[in-house]
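Here's the structure, in structure tokens; my notes come after.
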Amino acid sequence: MRIFIFTIIALLNIIFQSTLLNYLPILSTLPNISFVLVVVYTILRNQEEGITFAFFIGLLQSIVLDTSLGFYSLLYMATAYIVGMTFLHYYKKNILPAIIDTFALTFFYQILIYTLEFFFKGNVDFSYYFFNIMLTEGIYNVLVVVIIYYPIYFINKKLELYEKPKRNVFK
Amino acid sequence: MKRREINKKKLNLILFIIVFILIILTSFFAIFPKVFNDTIGVVITPIQGFFTSFAENTSDKINSMKDKDFLKKEYEDTMILNEELVIEINRLKKLDEENKELTSLLDTVSTYPELPTLTSKIIGKDTSNWHSTYIIDKGAKDGLEPNMIVLSYGGLFGRIVEVSEFSSKVVTILDDSASISVENARTQELALLKGDITLMSSKLCKIEYYNSDADMLLGDEIVTSKISSIYPAGISVGHIVSLEDSHGQLTQTALIDPVVDFTNISTVLVVTELFTKSTNVTTETITSLNDVTLDRNAGE
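Heads up: the protein sequence lines correspond to chains A and B, in order. The numbers in my numbering rise by one with no breaks, and the one at position 36 of the first sequence is 36. My numbering runs 1000 ahead of the 1-based position in the second sequence.
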């Protein structure tokens, strides 16, 4: 059930991201909803499940939008790994860990993209990329987190209630 | 409980290994498994098409309400322009016939061939802020292949990099990886067009003249060159809008404004013919070149 629902969410997200999102740019920058979904899912569940989710959503994004496979998977898996180590003892209802993680890790994955894809091609003007791409996307991603955190939180809560009778605590 | 956790960690390790294998296979050896794209494309491509046309219709309606008067005036202007163009076309048709006759007399192949095209709709766009990649709704079943070129509004839009059964990915001339051999239509001096990520948001691109004292002026038309290995010659790319001071540099740079309006685009034309030339220099040409140099040396 969980797998089914989150597959649907990932597919819808990819479709939305590749079509309608293009009409909503702020300062000609667009948010990365798949990345935000990975952060939120990892915070709501745990590191291991976050990494698995990151693998599949990254692969989906590579297939639909990118020209090589696996690059986004790796970035999102690294993101989920770091998110899984932060804010372990917070209430899940608190949105603040998700906001902080999203804002900080947007820079992490953007700097990875920059160094791996653009730095060695001779684009060395880091301050331009920092202020025009990374900072604006970080702020936009935070806006997206504020919008989608509670819907995902409630879906997850419903799913946990549904899974509760099946779970064997004494295993 | 403990056993399950260990299993999950093992699963993650396996996933990491799969990712590394995929990255190595697809980026270093450029093998992109079409199977993935085809299976997911069956589900996603029609939905993408639906969403994009929906968004287009809505934005069109909003815009048409906004500038009705402007459109009316533009319509009248266009009608006048249309009449002028019809006269111009008739004149050009005659010129074309005459040109064909003369070329047949000269027995040479035309440098500006007529391009067979296929209209295609844009159904998606990469949103990563680092690339300028579009998805179009025609694929291998319509006979598209990688390295086919894509036009729009009479100018160069980009080229196809990847084809699946129902859709294809197009990298535009604004993308940072774009690098196209072009020439100045007025002086025929060669230059290199480079997409630049810092100019991507303002929809401009950069050209580099090999010659540091090349003759260029604002408004010069830039077209694809005859030596390009993918693009046919003479396709309009854009006009020079700004010249950069190249004092003390080996090459000159200028900014060009593409003919294609990248902010407002929904349909493109795919040229369904490959222009890829073989870059192998045959042994004959090498020997003939050697002969020439030998002759020259002997002469001296």
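Where is the CB? At the ideal position from N, CA and C, for every residue including glycine.
**Prompt:** Quick one, which of Ile-1230/B, Pro-1232/B, Leu-1218/B, Thr-1103/B has its alpha-carbon nearest Glu-1244/B's?
**Reply:** Taking Glu-1244/B as reference, the option from Ile-1230/B, Pro-1232/B, Leu-1218/B, Thr-1103/B with the minimal CA-CA separation is Leu-1218/B.
**Prompt:** In three-state terms, what does DSSP make of Ile-26/A?
**Reply:** The DSSP-derived three-state label of Ile-26/A is strand.
**Message:** Is there a Cβ of chain B sitting closer than 8 Å to that of Asn-32/A, yes or no?
**Reply:** Chain B has a Cβ within less than 8 Å of the Cβ of Asn-32/A.
**Item:** Run of the alpha helix (DSSP H) containing Val-1035/B, from where it starts to where it stops
**Value:** 1034–1066 is the span of the alpha helix (DSSP H), which, as asked, contains Val-1035/B.
**Item:** Residues bridged to Arg-1159/B (per DSSP)
**Value:** Ile-1149/B, Val-1171/B.
**Request:** For Leu-1151/B, I'd like the list of residues in its chain whose CB is within less than 6 Å of its CB, leaving aside the five on either flank, ordered along the chain.
**Result:** Taken in chain order, the residues that qualify are Phe-1157, Leu-1269.
**Request:** Please name the residues in the stretch 1112–1145 of chain B whose beta-carbon is closer than 9 Å to at least one beta-carbon of chain D, in chain order.
**Result:** Note that chain D does not occur in the displayed structure, where the protein chains are A and B.
**Between the CA atoms of Arg-1091/B and Ile-14/A - distance to the nearest angstrom** = Ile-14/A and Arg-1091/B have their C-alpha atoms some 50 Å from each other.
**Item:** Residues near Thr-1263/B by beta carbon distance below 8 Å, same chain, minus five either side
**Value:** Excluding residues within five positions, the ones whose Cβ falls inside 8 Å are Lys-1203.
**Message:** Quick test of the definition: if touching needs 3 or more C-beta pairs under 8 Å, does the stretch 1204–1214 of chain B touch the stretch 1247–1257 of chain B?
**Reply:** The stretch 1247–1257 of chain B and the stretch 1204–1214 of chain B touch, with three or more beta-carbon pairs separated by less than 8 Å.
**Prompt:** Got a sec? Which residues, its chain only, sit under 7 Å from Glu-1162/B by beta carbon, not counting five neighbours each side?
**Reply:** Around Glu-1162/B: Phe-1032, Pro-1146, Ser-1168, Lys-1169.
**Prompt:** Looking only at its own chain, which residues have a Cβ that is under 7 Å from the Cβ of Lys-1009/B, when we skip the five neighbours before and after it?
**Reply:** Excluding positions up to five away in sequence, the list is empty.
**Message:** For the beta strand (DSSP E) containing Ser-34/A, name the first residue and the last one.
**Reply:** Looking at the DSSP string, Ser-34/A is not in any beta strand (DSSP E); the run it does join, the alpha helix (DSSP H), is 33–44.
**Item:** Three-state class that DSSP yields for Ala-104/A in the structure shown
**Value:** It is helical.
**Request:** Please confirm whether Val-1237/B and Ile-1173/B have their CB atoms less than 8 Å apart.
**Result:** Against a cut-off of 8 Å, the Cβ pair of Ile-1173/B and Val-1237/B comes out as a contact.
**Item:** Alpha carbon of Val-1182/B to alpha carbon of Leu-1115/B, nearest angstrom
**Value:** Going by the C-alpha atoms only, they are around 18 Å apart.
**Which of helix, strand or coil DSSP assigns to Ser-1181/B** = Strand, per DSSP.
**Asked** Just the Cα atoms here: how many angstroms apart are Glu-1189/B and Asp-1096/B?
**Response** The alpha-carbon atoms of Glu-1189/B and Asp-1096/B are separated by roughly 25 Å.
**Identity of the residue in Phe-6/A, Lys-166/A, Ser-18/A, Ile-43/A nearest Leu-88/A by Cα** = The shortest C-alpha separation from Leu-88/A is found at Ile-43/A.
**Message:** As a quick exercise: from Thr-67/A, Thr-102/A, Leu-69/A, Ile-51/A, pick the residue whose alpha carbon is nearest that of Ile-147/A.
**Reply:** Out of Thr-67/A, Thr-102/A, Leu-69/A, Ile-51/A, Thr-102/A has the C-alpha closest to the C-alpha of Ile-147/A.
**Prompt:** Taking buried to mean at least 16 other C-beta atoms within 10 Å of its own C-beta, is Leu-69/A buried or exposed?
**Reply:** Leu-69/A comes out buried.
**Request:** Would you grab the beta carbon distance between Glu-117/A and Pro-31/A for me? Rounded to a whole angstrom, and I think it's under 8 Å.
**Result:** About 19 Å separates the beta carbon of Glu-117/A from that of Pro-31/A, a gap too long to meet the 8 Å contact definition.
**Secondary structure of Leu-20/A, DSSP reduced to three states** = Helix at Leu-20/A.
**Asked** Is DSSP giving Leu-1199/B helix, strand or coil here?
**Response** In the structure shown, Leu-1199/B sits in coil (DSSP, three-state: anything other than H, G, I, E or B).
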